[in-house]
Amino acid sequence: MKRLYLINQKTNTFNEAVSKQVDGNALNMKEEQGQFVDASRADVKQAMDIDNEYENLNYMDISEKVPMSEHELNQILKDKGILKGQAKAFLKAQEKYDVNVLYLISHALVETGHGRSELAKGIKDDGKKYYNFFGIGAFDENAVHTGSSYAKKQSWTSPKRAIMGGAKFVRKKLL
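Numbering (my numbering), first residue to last: 556 to 730.
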């Protein structure tokens, strides 16, 4: 039986949906021997298959903390622009706001183009830089302006403040 999936108001086959997941900006990871490693296309396909025997493991409770080390997270964040080296801040955000650190990192990577977007690098205004790693308040018609205005209103003047503030927002508004 061929299943169809609706993505952005377009019907896609299962294989097309897998391609969109694998070829997009998502951070596709899996757990292997107690470590998080890159997931292959086959791994992603298996995870997306709602008929597989591990269906109950496909969904992560983003309010559940995960035991990850700063070193492990920095490995994920290496070569991720301004997010590189920010593992400590992400771990602190997980601890303080009870938001899964892997979710926070994944969200930030998607919203910042792997740490390289204009909003991620910081927008200067009144002699200060404002950072927004989660796309909060950023509307597509003028994402840089609206996203940086939100960051300014929240005083996100450092990467750490943007991470902590983003986690606080996720906790209050999405959970």
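C-beta: ideal position from N, C-alpha, C; glycine also.
Does DSSP put residue i in a helix, a strand or coil?
i: Tyr686; result: coil
i: Ile759; result: The first residue shown for the chain is 556 and the last is 730, placing residue 759 beyond what the model contains.
i: Asp616; result: coil
i: Phe569; result: helix
i: Asp604; result: coil
i: Phe724; result: helix
i: Gln590; result: strand
Buried or exposed for residue i, going by 16 or more other Cβ atoms inside 10 Å?
i: Leu612; result: Confidence at Leu612 is low in this model, with a pLDDT of 46, below 50, so the placement of that residue is unreliable and no value is reported for it.
i: Gly702; result: buried
i: Val573; result: buried
i: Asn505; result: Outside the displayed range of the chain (556 to 730) lies residue 505, so it cannot be described from this structure.
i: Phe689; result: buried
i: Ser710; result: exposed
i: Leu664; result: buried
i: Asn687; result: buried
i: Gly589; result: exposed
i: Glu587; result: exposed
Please tell me whether residue i and residue j are closer than 8 Å, where the distance is taken between their beta carbons.
i: Tyr705; j: Ile718; result: no
i: Tyr658; j: Arg726; result: no
i: Pro714; j: Gln630; result: no
i: Asn580; j: Gly677; result: no
i: Asp598; j: Lys585; result: yes
i: Ala693; j: Leu674; result: yes
i: Glu625; j: Leu646; result: yes
Quick one: what's got a C-beta closer than 8 Å to residue i's C-beta in the same chain, skipping five residues either side?
i: Asn655; result: Met615, Asp616, Ile617, Ser618, Glu619, Lys620, Val621, Gln649
Which same chain residues, not among the five before or five after residue i, have their C-beta less than 7 Å away from its C-beta?
i: Lys734; result: This structure leaves residue 734 out entirely; the chain is present only between 556 and 730.
i: Lys683; result: Thr712
Can you give me the Cβ contacts of residue i inside the same chain, cut-off strictly under 6 Å, excluding the 5 residues immediately before and after it?
i: His662; result: Phe689
Please specify which runs of the alpha helix (DSSP H), each continuous and at least 4 residues long, are wholly inside the region 614-662, giving them in chain order.
-> 625-632, 642-652
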